[in-house]
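One structure below.
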Ligand code: SF4
Ligand code: SF4
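Residue numbers (our numbering), protein chains in the order written: chain A, 3 to 360; chain B, 5 to 404.
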């Protein structure tokens, strides 16, 4: 393992998978992935329209209830229309010591790279000024190596999921990924390593369950995964911005570390915020083959425009390939479990039958 | 589809024969332009006029086609039956939580109502739904969707980023037209845009008068639908006609009664509502609308790409809501506003999330504010009865 960076207790929140943790680490700070922490809304309706993404509602209400007061700064990104406004709401009503906004170009070409690099440079300069640190090229390179190593380990876990019988429960991998974003990096290395080294439980042959892929935005609770697993199916893979998508692609360090980081993030597998649905469908089709997937569960957070558009494209795409697909909406905390359980049970049964016939 | 526009065009032309009014001239130009988009003679370029520096397109021989404006001007939408067209998208899995503008377009697409396009341009502002819809439409025709990505910050790097994209888009326009961009034509288009900008500023000044000699609702419709014509001679002529009308009204004292002066934001519904009738009955006059603010400085004819990039970056719906607040608060003083109305359209995520900060700023200014919920074009999300109650209560508040 590379020599780890000294991590100071200063904690910087981030949300979108396009925010490079490398820069936070190179500033000697601890990256903490922001998530909504409330079970029941109390204050949000006096601020936000009812038809707004439940992720944003939840994060904002968590902030209003001072659940993020322990952060030294938050980095918002132009992930979507709601998120770019959340940055302003946060700066206005919550006032964490510092809040930064990171623009993420939608055009993935050299012009986009050069603009994104300028954005990352600004962020670096702001962090240097606000935290009185020097983010040298060397520290960036070191952070890049550290992140690559962590990505590599997570990818190895995902890679093993291609096997049948399945080595890990999807819900366990999901919990690990959530912890990985939430907890200090130094604590997570041994955690990931120990999962990698643990002997893989062997399922009895002949009892293999339908192999499902989860796509969309599944939130931070393992509810969906448990519902699927309790219905006797396996979640083989979650290709979301907390799953495979988030870890795919290494920083390939060149002479200009900032530009190298920009390149990795802009060219990692695109999420629904990016143009290019056709390429995303092709990637999904490839994953379905590689992981021998029997069915896809696509879950979007309520009022997330991107997933609302994408689900309408994914359904016919998969149906045309005779692959069962289930689209479910979630409210981020998955409070509507009962209704979803019934749909998942029916879906698993249908996938199972289809498998038998095949 | 063409027949419907043809029919409406004929109606407008009959009115124009009677008298040449600015708004009629605008609608006539708009419908002619929509009809031209079906004509295979000129390349048709899809674009959202209100969110794109149109001056670039008018430097080429193309027909710009704004799918949002075209679909929203269908008689079904204007008469409160837009949802019938939207159903076709909902049947295909597009949720009702997607903005009605987008569902309407996708619905029209699947009913074969839209013209074939040669280039599909869009931008990342105001909202991302538009860009997604453009992708859906372009993919339907097996074409590429081209996005002008306009970031939230204004900086030299952002100007370069946008200007470079505009240069690339110019190359795509060259490819579809088969002609090189003529710098003199682009200069001319920018010159016309500056001329129209100057006359719009004069119109805005006239609207500061009490009573207001024009109408903020029409100004809003022109601000959005008429954006297609920035850089074309049409926009200059619309303003010339409007100014003539305004002067005539002022001279003859023909302005409408005005007890309360209303500021409207961000945009007025396209569907037929009872809102403006109730306001009129209460002598509440919408004297200014956010969509008609002139937010950009004169464009530099000698640096066309950079100045068009700057125009895009300065759009109030790009960047911080703080810019919108400054404009809105300033207009409260400039237009002697008695009350403000915010029309909140379901599923307009960027706008509704910006609202609390804007609300606080307007309240701080001491101006009564009505937050009116509805929908731009889906009549299923609009209640006339509730609107009546809410506006009546607001009128009581204004009356003190
Ligand atoms: S879930 Fe969708 S709408 Fe919500 S923050 Fe994420 S991208 Fe934005
Ligand atoms: S109303 Fe809002 S969401 Fe709908 S098209 Fe306009 S800007 Fe986009």
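Even glycine gets a Cβ: it sits at the ideal position worked out from N, Cα and C. Remember, it's a predicted structure, so these values are computed and weren't measured experimentally.
Nearest in C-alpha terms to residue 306 of chain B, of all of B:96, B:97, B:172, B:190, is B:190.
Note on geometry: alpha-carbon atoms of residue 233 of chain A and residue 328 of chain A lie some 14 Å from one another. For residue 102 of chain B, the nearest CB of chain A lies under 8 Å from its own CB, placing it at the interface with that chain. For residue 268 of chain B, the uninterrupted beta strand (DSSP E) run begins and ends at 264 to 269, by DSSP.
In its chain, beyond the 5 residues on either side, 131 have a beta carbon closer than 6 Å to the beta carbon of residue 354 of chain B.
With fewer than 16 other Cβ atoms from the protein chains shown falling within 10 Å of its own Cβ, residue 281 of chain B counts as exposed. In the DSSP secondary-structure assignment, residue 13 of chain A is bridged to A:32. The C-alpha of residue 217 of chain A lies about 56 Å from the C-alpha of residue 217 of chain B.
Interface flag for residue 354 of chain B against chain A is set, since a Cβ pair is found closer than 8 Å.
Going by DSSP, residue 30 of chain B is part of no beta strand (DSSP E) but of the alpha helix (DSSP H) stretching over 26 to 40. Distances from the CB of residue 85 of chain A to the heavy atoms of ligand 2 are all 7 Å or more. CA-CA distance, residue 344 of chain B to residue 11 of chain A, rounds to 47 Å. Against residue 49 of chain A, the close residues of chain B are 360, in the order they occur along the chain (beta-carbon pairs closer than 8 Å). Within chain A, the residues 105 have their CB atoms less than 7 Å from the CB of residue 157 of chain B, given in chain order. Among the residues facing chain B, residue 317 of chain A is included, as its CB has a counterpart in that chain under 8 Å away.
With contacts defined by Cβ atoms closer than 8 Å, residue 47 of chain B and residue 154 of chain B do not form a contacting pair. Within chain A, no C-beta atom comes less than 7 Å from the C-beta of residue 54 of chain B; the nearest is roughly 16 Å away. Residues 163, 166, 167, 170 of the same chain have their beta carbon placed closer than 7 Å to that of residue 313 of chain B, with the five preceding and five following residues left out of the count. Residue 84 of chain A belongs to the set of residues whose beta carbon lies under 8 Å from a beta carbon in chain B. Listed in chain order, the non-local C-beta contacts of residue 88 of chain B below 8 Å within the same chain comprise 80, local neighbours out to five positions each way being set aside. For residue 179 of chain A, the closest alpha carbon among the candidates A:282, A:244, A:15 is that of A:244. With the criterion set as a beta carbon lying under 7 Å from some beta carbon of chain B, the region 215 to 238 of chain A has no members that meet it.
The C-alpha of residue 207 of chain B is placed about 6 Å away from the C-alpha of residue 247 of chain B.
For chain B, the residues of the region 319 to 335 of chain A that bring a beta carbon within less than 9 Å of one of its beta carbons are 329, 331, in chain order. Straight across, the Cα-Cα distance linking residue 257 of chain A with residue 140 of chain A is about 11 Å.
If only uninterrupted alpha helix (DSSP H) runs of at least 4 residues are considered, those enclosed by the region 41 to 103 of chain B are 71 to 76, 79 to 82, 86 to 94. If you look at residue 239 of chain A, you'll find it in the beta strand (DSSP E) that goes 236 to 240. Taking each of B:258, B:378, B:346, B:352 in turn and checking the Cα distance to residue 364 of chain B, the smallest one comes out for B:346.
Judged by their CB atoms, residue 230 of chain A and residue 299 of chain A are nearer to each other than the 8 Å cut-off. Looking at B:356, B:152, B:14, B:398, the one whose alpha-carbon comes closest to that of residue 47 of chain A is B:356. Assignment of residue 332 of chain A by DSSP, reduced to helix, strand and coil, places it in the strand class.
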